[in-house]
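All remarks here apply to the structure that follows.
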Amino acid sequence: MDSLYNPTAVESRWQETWEAEGLYAAGAGRRRDDSFVICVPPPNVTGELHMGHALNGSIQDVLIRWHRMRGFDTLWQPGYDHAGISTQNVIEKQLVAEGTSRREIGREAFLERTWRWLDETGKTIMGQYRRLGASLDYARERFTMDDGYVEAVMTFFVRLWDAGWIYRENRIVNWCPHHQTAISDLEVEHVEMDDTLVTVRYPFAEGEGGISVATVRPATILADVAVAVHPDDPRYRDAVGREVVVPVVERRVPVIADARVDPEFGTGALKITPGHDPTDFEIGRDHGLEVLTVIGPDGLMTAPGFEGLDQRAADARVVEWLEERAQLEGHEPYRHSVGTCERCHSRIEPLVSPQWWCRMDELGRPAIEALRERKVRFHPESQHRFAIESLEQAPDWCVSRQLWWGHQIPIWTCPDGHRTCTWPPPDACSECGSGRLERDPDVLDTWFSSALWPFATLGWPGPTDELERYYPGDVNVTAREIIRLWENRMIFSGLFLLGEIPFTDVIITSTVLAADGRRMSKSLGTGVDPMEPIEGHGADATRYGLLKISSTQDVRYSLGAIEEGRKLANKLWNVARLILQQTEGSTPEARPRTLEERWILARLDAARAEVEDDWARFDFSAATGVLYHLTFDDFCDWYAEAVKPPLYDGDADCRATALRALELLLALLHPLLPHVTEEIWSHLPAREGRLIVSAWPEPDPTEAEALDALDRVQEAAQVFRRSGVQVELESDEERRIFAAVVRPERARAAGDVESELARLRKEIERAERMLANERFVANAPPEVVDGERAKLERYRRELELLGA
RNA sequence: GGGCGGUUAGCUCAGCUGGUAGAGCGCCUGCCUUACACGCAGGUGGCCGCAGGUUCGAGUCCUGCACCGCCCACCA
C-alpha cells in the first residue's frame, strides 16, 4: 500500500467488481423485508452527465447504500427518457447537415434513423453514473419507448379518455415555428429582448379623430378585429361602441371595453388580435370576436399581399404604409421579455391550433389533498407549498405535440369523423363499425410518459410481483424546475392509476452554479464537466465535495470542497495502513480495555447516530462535517495516536480492537466514500464479502465516563500546548493518554503563559458577570446556568495551576 | 408584477425550537515526531447588510429599508 492514495485505478476496479458480482442488483444484501426504492430521474437519451446529475446521483447513492447496508431490499431504477422534442431536434440537425430534412425522408424513415442513432451513440449517461460509483441496478435499465413502456403510456391515455378528461379544442398555444409544434407553457423560456414600440393611429370610421394604439408587432395589425380600452378610462368613454378603421387592411372594427386592458400602459388602448396573442384571444373569445390569422405555422406571413414574407419585412411594410399616411405617431426602443423555445431558442409564435387537452381539475384534486395531508413531503418545506400551489393553479394540460419522435396518440378517426380511443388498436370504428380508420398523427408530450416512470418500470399495467414488492417507492430526487413538469404529474397519475403516490419524500436539490455565481451553461462557457473532478480527484472526493456544498439554496461549485474530500480519503487510507501494518495475524473484535478504546467506540457510535439522523433528514452537508471530524480529529489525532505504543508493543486486545474500530469507521464512511472504504475493507483480515452489503453498525451503549475523561485530557492538552503548564488529571489512564498524544518531552518547553492567563481572566470575568445577573439565573434554563458555573469553576482551577 | 431564498472571518459556507459566534480553504509561527507534509501542533482574523422593536439576553423572533440571487408571469 502506497502512502499516497491513488483513487483512479481503485475506483474503476471496484465499480466493475460490484456490478459483476451482482451487488448493484435489487435485493443485494437483503436481510429484512422492507424495501427502499428510488427511481433515477430519467435523463434525456441524448444527454451527457452534468453537475446537477452528479449531485443528485451522489444524494441518491448515499441513501441507497445506507439502506442496503442496513439490510433493506433496495432498488435504484436506472433508465432514459426519449425526450421527444430534444431528440428530434438532434436528428433533424443531422439531416439538415446532410442536405435533406425529415419531411423529405418521411416519418417511417425518420423514426428508423432515430432508433439507429440512439443505439449507436445515445445512452451515455448511465456509463457516467457508473464512474461516479452510483449503485444503480444497471441490468434493469429502461427506456420510455420500450415495448412494455408503450403499453403503459397507451393504457394511461385510454383511461383518461374513458374518464372523459381528454378533449380537443382550438386554442391559442405556444407554437415553435422551427419545430412546427405546440409546446407547453412550461417549455417556454422567457428572455429579455430589445424591440421597437410603435404608436399607431386608428381613425374613427365615422367623424373626426381616432384612437392611438401601441404595438411591438405592426405586422399583426392585419389581423386586428377590435380596439379595447379599460371600462373606467375617462379618455375613451365616448369612444366605446364606435368603430375604427384598421390600417392597411382598412377594416371597420368596434371599440370595446375590457378590464384586462391596462390604462397605464402606452396610450391606454389595446389592439385586439385574437389570432396572434394569448390575451387578445381571451378578450376576443369573451366578446364574441372573429379570429383572423395572418401568420402560418412556419412563422411566415399568410395575409393577402404579404404571402411568404417574414415578420420583420412585413413590419417594415406596414410601418411604411403608416408613415405615408401620417398614422405613425411615434416609435421608441422597448425592452421586454419574449417567449422562446427552450430547445431551439426560436421566438414563440402564439398560434391558434387544434390540440388535445387533458382536464386537470379531477386529476389534480386528490393530489392536492394528499399533499395537504403530507402523504408526500417536499424538502425543503418551501417547495411543498409551491407544489400545492402549482397544482391548484394548473391549467389544462396540452398533451399533443406535432412531432414524430414519441408516443403516437391512440385515437383513430373513421371517414364519418367518429373517434375511437382504445388500446390495443381498434379494428373498426366503435360507433359505425367502419374499418377505414386513420390514426391521429400527433405524439404525446414527453412528460406524459415520464409521469408513469415509477410504476411503468415495474411492469404496470400488468399486475407483477415487482409492482407488489416495490410500489410505492420511497424517495425522489430532482431539481426545482422539474416540480410541475414531473413530480406533480407522477403524484397525480400514481394516485389515479394505482391509488397511491409513488414515493413519500421529494428532495429538491440545489442548483449548482459556477464558482463565480453565474449559472453553469455551455453557451456562457461556465459549465464544468463532472468527469473532470472525478478523473482528477476521484469519484469519492467529488461525491464528498458535492454533498458538502449541497444545501437548500443554490450553491457555488467549489473545487476546494472536492479537495477536502480527497484529503479525507487519503487520511483514511493512511490510518488504515498504520493499523494494518501493526495488526498482522489479528482478527477484528471489540475488546476494549483502555480508556481510549472505550472512548473511540463511544465516539463512533455517537457519530453513527448523528450521521443516521442527518441522512434521514436529508441534511447531507451536515453528515459530511460529522464524518470529516470523526475521521481526522477523533480517530486519527486522538485514538490512533493514543494506541500507537500498545500497538507497537504487540498488545493482542489492542490490535483486535483497533481493527474493529477501523471497520466501524469504514462502514460509517462507505455511503459517502464507497471506493476507498471498500478497498481498505478488502485488506482487512478474516473478512469475507464486501463492505457494500455488509452490516451497518448497531447502536452501542454510550460510555459517558469515557467521553468525559477524554474531554478532560483534551482540555489539558490545549492548556499545555498553549502555555506549557500541565493540568492535573484524574487518573493514570488519563495521564498515559496525555503523554502518548501530547508527548510533553517533545513539546515546546516555554509556552506563552501570559496570554493564556489573559484569556482565562477574560473568560472568568464573562462567566462571573452572567452569574451575577439575577434575572439570567432566574430565567435561563438550569442546564445553561449550570454550564456557566462549571466553566467558571474550571477556569478558576486552571488559573490556579498556571500559578496566578 | 407575484413567490421563494440570501446578506456571518480575506474566500466558500455552517449555526435546530433565543443563552453570548464555528468549519474548510487562505494567512502567520513551530515541527520531515518510524500512517499520512494531501500531514501534526498552535495562532491571526467577525459592531453576524442597515435602522427600529420584543426580551434579563437577539446571527437566531417581529417591522421597515437597502442590495444580490432563483423560480414563475399574457403588460401590448
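Converting from the first sequence to our numbering requires adding 12 to each position, the first position being numbered 1. Cβ atoms here follow ideal geometry from the backbone N, Cα and C, with glycine treated the same way.
Identity of the residues DSSP links to residue i by a beta bridge
{"i": "residue 89", "result": "51"}
{"i": "residue 215", "result": "222"}
{"i": "residue 266", "result": "255"}
{"i": "residue 186", "result": "195, 362"}
{"i": "residue 207", "result": "346"}
{"i": "residue 410", "result": "369"}
{"i": "residue 202", "result": "351"}
{"i": "residue 524", "result": "567"}
{"i": "residue 431", "result": "425"}
{"i": "residue 455", "result": "413, 420"}
{"i": "residue 517", "result": "389, 487"}
Buried versus exposed, by CB contacts within 10 Å (16 or more), residue i
{"i": "residue 293", "result": "buried"}
{"i": "residue 499", "result": "buried"}
{"i": "residue 799", "result": "exposed"}
{"i": "residue 482", "result": "buried"}
{"i": "residue 810", "result": "buried"}
{"i": "residue 675", "result": "buried"}
{"i": "residue 180", "result": "exposed"}
{"i": "residue 51", "result": "buried"}
{"i": "residue 16", "result": "exposed"}
{"i": "residue 283", "result": "buried"}
{"i": "residue 58", "result": "buried"}
{"i": "residue 560", "result": "buried"}
{"i": "residue 458", "result": "buried"}
{"i": "residue 773", "result": "exposed"}
{"i": "residue 89", "result": "buried"}
{"i": "residue 444", "result": "exposed"}
{"i": "residue 48", "result": "buried"}
{"i": "residue 106", "result": "exposed"}
{"i": "residue 96", "result": "buried"}
{"i": "residue 205", "result": "exposed"}
{"i": "residue 660", "result": "exposed"}
{"i": "residue 277", "result": "exposed"}
Under the three-state DSSP convention, the category residue i falls into
{"i": "residue 348", "result": "strand"}
{"i": "residue 817", "result": "This structure cannot settle anything about residue 817, because the visible part of the chain is limited to 13 through 816."}
{"i": "residue 387", "result": "coil"}
{"i": "residue 339", "result": "coil"}
{"i": "residue 17", "result": "coil"}
{"i": "residue 762", "result": "The predicted position of residue 762 is uncertain, since its pLDDT is 46 and thus under 50; no value can be drawn from it."}
{"i": "residue 332", "result": "helix"}
{"i": "residue 313", "result": "strand"}
{"i": "residue 232", "result": "helix"}
{"i": "residue 57", "result": "coil"}
{"i": "residue 594", "result": "helix"}
{"i": "residue 400", "result": "helix"}
{"i": "residue 241", "result": "strand"}
{"i": "residue 180", "result": "strand"}
{"i": "residue 27", "result": "helix"}
{"i": "residue 281", "result": "strand"}
{"i": "residue 99", "result": "helix"}
{"i": "residue 302", "result": "coil"}
{"i": "residue 476", "result": "coil"}
{"i": "residue 227", "result": "strand"}
{"i": "residue 104", "result": "helix"}
Closer than 7 Å: residue i CB and nearest the ligand ZN heavy atom
{"i": "residue 686", "result": "Because no ligand of any kind appears in the structure shown, any question about the ligand ZN cannot be addressed here."}
Whole-angstrom C-beta distance between residue j and residue i, which should lie under 8 Å
{"i": "residue 456", "j": "residue 419", "result": "5 Å"}
{"i": "residue 704", "j": "residue 35", "result": "5 Å"}
{"i": "residue 687", "j": "residue 170", "result": "Not quite, the Cβ-Cβ distance comes to about 47 Å (not below 8 Å), so this is no contact."}
{"i": "residue 233", "j": "residue 251", "result": "No, residue 233 and residue 251 are not in contact; Cβ-Cβ is about 18 Å, not under 8 Å."}
{"i": "residue 80", "j": "residue 111", "result": "Not a contact, Cβ separation roughly 52 Å."}
{"i": "residue 343", "j": "residue 210", "result": "4 Å"}
{"i": "residue 768", "j": "residue 734", "result": "5 Å"}
{"i": "residue 256", "j": "residue 273", "result": "That belief does not hold up - the Cβ atoms of residue 256 and residue 273 are roughly 15 Å apart, past 8 Å."}
{"i": "residue 362", "j": "residue 187", "result": "7 Å"}
Mind listing, in chain order, the continuous alpha helix (DSSP H) runs of no fewer than 4 residues lying wholly within the stretch 107–173?
114–117, 119–133, 137–143
At what residue ranges does the stretch 715–778 contain a whole run of the alpha helix (DSSP H), taking only runs of 4 or more?
716–735, 744–754
Complete beta strand (DSSP E) runs within the stretch 639–699 (minimum length 3 residues, chain order):
none
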